[in-house]
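**Student:** Starting off with a structure, shown below.
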Amino acid sequence: MLRALRQEWLFNVRGDVLAGLVVALALIPEAIAFSVIAGVDPKVGLYASFAIAVITAFAGGRPGMISAATGAMALVMVSLVRDHGLEYLLAATLLTGVLQMIAGAFRLGSLMRFVSRSVVTGFVNALAILIFLAQMPEITGANARPIVLATVIVGLAIIYGLPYVTRTIPSPLICIVLLTGVSIALGLNLRTVGDMGELPDSLPIFLWPDVPLTLETLQIIFPYALTLAVVGLLESMMTETIIDDLTDTSSDRNRECVGQGVANVGAGLVGGMAGCAMIGQSVINVKSGGRGRLSSLAAGVVLLVMVVFLGDWVAQIPMPALVAVMIMVAIGTFSWESLGALRTNPKSASVVMIATVVVVVVTHNLAQGVLVGVLLSALFFARRVGQFLRVQSTLSEDGLHRTYEVYGQVFFTSTEAFLDGFDFGEALDRVTIDLTHAHFWDITAVSSLDKAVIKFRRDGAQVDLVGLNEASATMVDRFAVHDKPDAVDQLMAH
Amino acid sequence: MNDLTHSTLNPGGKVLACIDESRYAASVCDYAKWSAVRMDAPLSLLHVIPNPPGGTVESEQNLSGTIGFGARNRLLEELATVDAQRSRLAVEAGRHLLAAALERLGGEDLPSVETRQRHGELVDALAALEDETRMFVVGKRGADTEGEHGHLGGHLEQIIRALHRPILIAQQSFAPPRRFLFAHDGSETARRGVGMVAQSPLLRGIPCHVVSVGSDPKRFASAQDEARDIFEAAGFDVTTATVPGEPQTALPAYEAEHGIDLLIMGAYGDSRVHRFFLGSTTAAMIRSCRVSLMVIR
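Sequence lines, in order, name chains A and B.
So the first sequence is numbered by my numbering: it starts at 1 and just counts up by one.
So the second sequence is numbered by my numbering: it starts at 495 and just counts up by one.
So this is what it looks like as structure tokens:
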């Protein structure tokens, strides 16, 4: 117990607290911006960020990872908020948490192995693009005034320029403080955070969502909750992998699923929106020296304290300053290396990545993009494995007996090639099909073998099958070899 | 029973000594050498390089809070470089420790000696090597908790729980044991322990005290008689005794009185709950013990 406390909480106190502070400062503009995306008051995102950061600090499976209100989740809930209002969002958030806890209990975290590298890259890039696009309404159309654009550009210059001067103060914070000061001093006519809705004026209080507990409510919120749960777990698992890589440590995926669930239930109960792990903030945390659970706890607590006590000042932050910070987040989240890799990676990998991005950007739904990406990866894989098939044959000296030898994988994508390997036009007395070196994976393969045998018989040949048992050993469903410890040896033996 | 004997005794295995930078390293070496010679077993010196505790190097701390183009890859690159430097230093330092240990061993009367290094937690490293090991030798305290009196080496309790082979826990000074004490609580595990010790060449010929702790000597009479028979059949010179009191106080007193310099005890208890409570008795025993001791599972 004490040992765990030391290992996960107190081994890096100074680094964690400092990093937590930096993260909290970066979280405030993000939480506000994501609330704006979702169409709710800034306080919904801020309360959510506090609750989620604090709860995942205790319940999460990945020390050093930062979770809060996120863009990925905000994008999913837009239409729910628009059509049904905030209370339904809170109810959906609760349900999301419950679904995620169930996922953790059933150990679904391990399903992440079906999500390939290309899909992850596509997800991350799509997320960056969506965050960027979400900033557009603030700087285009009626808002595209010179003063707005100038503020954004100055903000970006501060964010990216200041680290060259000093790395001891968070530059996004300086950007916001400076631009807010200038905007107030000069009385610039800029939209501010206060114009976006209510800010937190007190510590969060527990409240139950004000929705009727009917089947109809469930019908409304369930599809959203399911998507939110999936998107939240996907981004959390991906972030977890990134932090694992960065810190060269391992984490507990299923505990993370449950932790995200508990955090969302907590967020829903204090009037916050659903959230998940944040790639950008987690990277900032690690970069600032945060490694332990304390960093997430510190981030959550500092965020709440600052927002509650500095609420009046936060309301004065001009929106263009926030836009600058969010553009930084988008740029930092995007995987720029993946653009260069497009030329060198296999085409199928690039297609999967781009398809994921396109589907997400079109549907604004990260879950659908990932689904398409995973399906495409599976199809490409099936096609490639299906190419491992060869049919050879030898004719006996009298020309009446042909022996076919089949090598490789026979399943739904390769049955056509399998049948093409036989010459049904030849007039023969006997045909021997040697399947010793083939693997039959599914019933499509078996039925195509039946077809070949019947065709030869109709032509009057006697057909002998050799090695059928070995070949069909791969039909694990039927023979259930996967239950036996030596199943792999059996499959690979021939 | 046969199975269990097999899983706890590994006659072909090595004596594995855990070397670290603590003051216990020298006596760990000596005990390991003594054990390896007596059992005619190969000796393996192990140094475990702990994972970096995390956190960045102070001068590298970057609080700018920005993430720019390719932020993840660049950060990964930076962190990997820092860790690589730290690891190289740690590996280098460990090699020196192992070289010093080898020198201390001398090596002329040993069957075979090897040195090895592993990354990670000590417990995981030992568990990974358990199959090839006959007996572990560790210092009572590790380098990180050295000197905190009455405080166990942070890893020791975990090690005892995780491993199934005998573990010799060395005090700071070494002398070949002249008399050893077998703590017998009358349990089935202790009975098996008697068999294990009697079979092993490690302590053969060293006078043995079979001691039970309890107010009623009759309770342990049959167990002690059985132990006496087994030990005597194996050629040991046996004394039996039952002392009143608590194990943590009664056994050290008995040791001091009779000049015992090695204590053998079981980490008993089968069920989880059992182990939870009895495990802490084992820990208390190890803490209060002033002589080296061997824990058998």
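Every residue, glycine too, gets a C-beta built ideally from N, C-alpha and C.
As the structure is a computational prediction, the values presented were derived from the model and not from experiment.
List the residues of chain B whose Cβ lies closer than 7 Å to the Cβ of A:S171, in chain order.
**Tutor:** S558, G559 and T560
**Student:** Using the rule of at least 16 other Cβ atoms within 10 Å of the residue's Cβ for burial, across every protein chain shown, is A:R293 buried or exposed?
**Tutor:** buried
**Student:** According to DSSP, is A:M65 helix, strand or coil?
**Tutor:** coil
**Student:** Quick one: which chain B residues come within Cβ less than 9 Å of A:V283?
**Tutor:** I561, A565, R566 and L569
**Student:** Taking only beta-carbon positions, decide if B:L657 is within less than 7 Å of chain A.
**Tutor:** Taking 7 Å as the threshold, the shortest C-beta distance from B:L657 to chain A does not fall below it.
**Student:** Could one say the Cβ of A:E337 lies closer than 7 Å to chain B's Cβ atoms, at least one of them?
**Tutor:** Judged by the 7 Å Cβ criterion, A:E337 is in contact with chain B.
**Student:** What is the DSSP secondary structure of A:Y224, reduced to helix, strand or coil?
**Tutor:** helix
**Student:** Evaluate B:G549 with the Cβ neighbour count: other Cβ atoms within 10 Å of its Cβ, from every protein chain shown; 16 or more gives buried, anything less gives exposed.
**Tutor:** Residue placement at B:G549 cannot be trusted, given a pLDDT of 45 that sits under 50; what the coordinates show is reported in the next sentence. Answer is buried; the Cβ neighbour count reaches 16.
**Student:** May I ask you to report which of helix, strand or coil DSSP gives B:H658?
**Tutor:** coil
**Student:** Taking the DSSP output, what are the residues bridged to B:C702?
**Tutor:** Answer is B:F674 and B:V732.
**Student:** How many Å lie between B:R686 and B:A656 at the Cα?
**Tutor:** 19 Å
**Student:** Taking a Cβ distance cut-off of 7 Å, strictly less, list which residues of the region 571-592 of chain B are near chain A, in chain order.
**Tutor:** L573 and D577
**Student:** What does A:K287 reach in chain B if we use C-beta pairs closer than 7 Å?
**Tutor:** N556 and L569
**Student:** Taking the beta carbon of A:M136 as the centre, do at least 16 other beta carbons fall within 10 Å, making it buried, or is it exposed?
**Tutor:** Answer is exposed; the Cβ neighbour count stays below 16.
**Student:** For B:K527, count the other beta carbons within 10 Å of its own beta carbon; 16 or more makes it buried, fewer makes it exposed. Which is it?
**Tutor:** buried
**Student:** Using the rule of at least 16 other Cβ atoms within 10 Å of the residue's Cβ for burial, across every protein chain shown, is A:W441 buried or exposed?
**Tutor:** buried
**Student:** Tell me which residues of the region 244-268 of chain A have at least one Cβ-Cβ distance to chain E shorter than 9 Å, keeping chain order.
**Tutor:** Reference to chain E is not applicable here, since the protein chains of this structure are A and B.
**Student:** Rounded to the nearest angstrom, what separates A:T344 and A:E337 at their Cα positions?
**Tutor:** Spanning the two alpha carbons is a distance of roughly 11 Å.
**Student:** Using a beta-carbon distance cut-off of less than 9 Å, what residues from the region 326-354 of chain A approach chain B?
**Tutor:** Cβ contacts with chain B: M328, V329, I331, G332, T333, F334, S335, W336 and E337.
**Student:** When you compare the region 137-153 of chain A with the region 371-391 of chain A, are there three or more beta-carbon pairs, one atom per stretch, that lie closer than 8 Å?
**Tutor:** no
**Student:** Pick helix, strand or coil for A:L90, following the three-state DSSP scheme.
**Tutor:** Look at A:L90 here: in three-state DSSP terms it is helix.
**Student:** Using a beta-carbon distance below 7 Å, is A:I184 in contact with chain B?
**Tutor:** no
**Student:** Pull out every residue of the region 8-30 of chain A whose Cβ sits closer than 7 Å to any Cβ of chain B, in chain order.
**Tutor:** F11, N12, G15, L18, V22, L25 and A26
**Student:** Which residue from A:E426, A:A382 and A:T239 puts its Cα closest to that of A:H401?
**Tutor:** Ranking A:E426, A:A382 and A:T239 by Cα distance to A:H401 puts A:E426 first.
**Student:** Can you give the beta carbon distance from A:M273 to A:T93, rounded, assuming they're within the 8 Å contact cut?
**Tutor:** 6 Å
**Student:** Examine chain B for any beta-carbon lying closer than 7 Å to the beta-carbon of A:I153, and answer yes or no.
**Tutor:** So no, A:I153 is outside the interface.
**Student:** So, using beta-carbon positions, are B:L697 and B:V607 closer together than 7 Å?
**Tutor:** no
**Student:** Report back the beta-carbon spacing between A:S448 and A:T415 to the nearest angstrom; my notes put them in contact at under 8 Å.
**Tutor:** 4 Å
**Student:** Below 7 Å on C-beta distance, what does A:P163 contact in chain B?
**Tutor:** Within 7 Å Cβ-Cβ: S558 and T560.
**Student:** By DSSP, does A:F440 sit in helix, in strand, or in coil?
**Tutor:** strand
**Student:** What separation, rounded to the nearest whole angstrom, lies between the Cα atoms of B:T734 and B:P671?
**Tutor:** 18 Å
**Student:** In terms of DSSP beta bridges, what is B:R612 paired with?
**Tutor:** B:V542
**Student:** Note down, in chain order, every chain B residue with its Cβ under 8 Å from the Cβ of A:I159.
**Tutor:** T560
**Student:** With distances taken between CB atoms, is the gap from A:A128 to A:F334 smaller than 7 Å?
**Tutor:** yes
**Student:** Is there contact between the region 316-330 of chain A and the region 51-62 of chain A, where contact requires at least three CB pairs shorter than 8 Å?
**Tutor:** no
**Student:** Quick one: does A:R167 have its CB under 7 Å from some CB of chain B?
**Tutor:** It does; some Cβ of chain B falls within 7 Å.
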